[in-house]
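Number of protein chains: 2
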Amino acid sequence: MKTKIRELRKARKLSQEELAGAVGTTRQTITSIEVGKYTASLPLAYKISHYFGLTIEEVFDFSDLED
Amino acid sequence: MKTKIRELRKARKLSQEELAGAVGTTRQTITSIEVGKYTASLPLAYKISHYFGLTIEEVFDFSDLED
DNA sequence: GTATAATGCAAAGCGTACTTGACAAATATT
DNA sequence: AATATTTGTCAAGTACGCTTTGCATTATAC
Numbered sequence: 001m002k003t004k005i006r007e008l009r010k011a012r013k014l015s016q017e018e019l020a021g022a023v024g025t026t027r028q029t030i031t032s033i034e035v036g037k038y039t040a041s042l043p044l045a046y047k048i049s050h051y052f053g054l055t056i057e058e059v060f061d062f063s064d065l066e067d
Numbered sequence: 101m102k103t104k105i106r107e108l109r110k111a112r113k114l115s116q117e118e119l120a121g122a123v124g125t126t127r128q129t130i131t132s133i134e135v136g137k138y139t140a141s142l143p144l145a146y147k148i149s150h151y152f153g154l155t156i157e158e159v160f161d162f163s164d165l166e167d
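Protein chains in written order, with this note's numbering: chain R, 1 to 67; chain A, 101 to 167.
Below, the structure written as structure tokens:
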């Protein structure tokens, strides 16, 4: 799953640890999602998106889903 | 996590099994999400929402999340 | 009233999201 | 160059999303 997290985070000059703290998760979780190691859960996707003032659909790319 | 899935599904007169088939999952998964047994994954939340022509935020209620 | 469809629920099992701790490599700062 | 900050990754463990099977209950239809 591709996301715009890294570009949004860097635009605001935040470290992974700062973003993690802001959304209540760990640095490793942010790294894993940014690198594509796994897909965020729905609650975490919401927290990250709204932290940036965007909707989930604006931050996460679903074009790889069939249907 | 509250959702509008049941009301959207009934408005279209679909059974849980029909919705499940349409979004590529099982009837029990739809039941569990409707009843609040657990929260949908991000990909499934996307598939369900867009099956109804809505965004994730329009179908799922995130007001129970802290922050 | 009997059959059929639709739903709720439970148990066992699998894969994955997430945490914690720790280490190495890369980037920035001085 | 040396130091500090940031990031990638690995391993072990916990929790949860999801599947499959199966049974019981409620509603719809014949």
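A virtual CB, placed ideally from N, CA and C, is assigned to each residue, including glycine. Every value quoted in this text rests on a predicted model; they were computed, and no experiment measured them.
Contact between residue 20/R and residue 12/R is absent: CB atoms are separated by about 14 Å, not below the 8 Å threshold. Per DSSP, the continuous alpha helix (DSSP H) segment holding residue 146/A begins and ends at 142-151. Per DSSP, the beta-bridge partners of residue 61/R are 2/R. Sequence-ordered contacts of the segment 110-121 of chain A with chain R are nonexistent [C-beta pairs closer than 8 Å]. Residue 154/A sits in coil when the DSSP states are folded into three classes, being neither helix nor strand.
Nearest Cα to residue 162/A within the set 150/A, 145/A, 106/A: 145/A. Taking a beta-carbon distance threshold of 8 Å, residue 57/R counts as an interface residue toward chain A. Take the alpha-carbon of residue 29/R and the one of residue 1/R: they are about 14 Å apart.
According to the DSSP assignment, residue 27/R belongs to the alpha helix (DSSP H) that extends over 27-35. Contact check between the segment 29-42 of chain R and the segment 104-111 of chain A: fewer than three CB pairs, one atom from each, fall below 8 Å, which does not count as touching.
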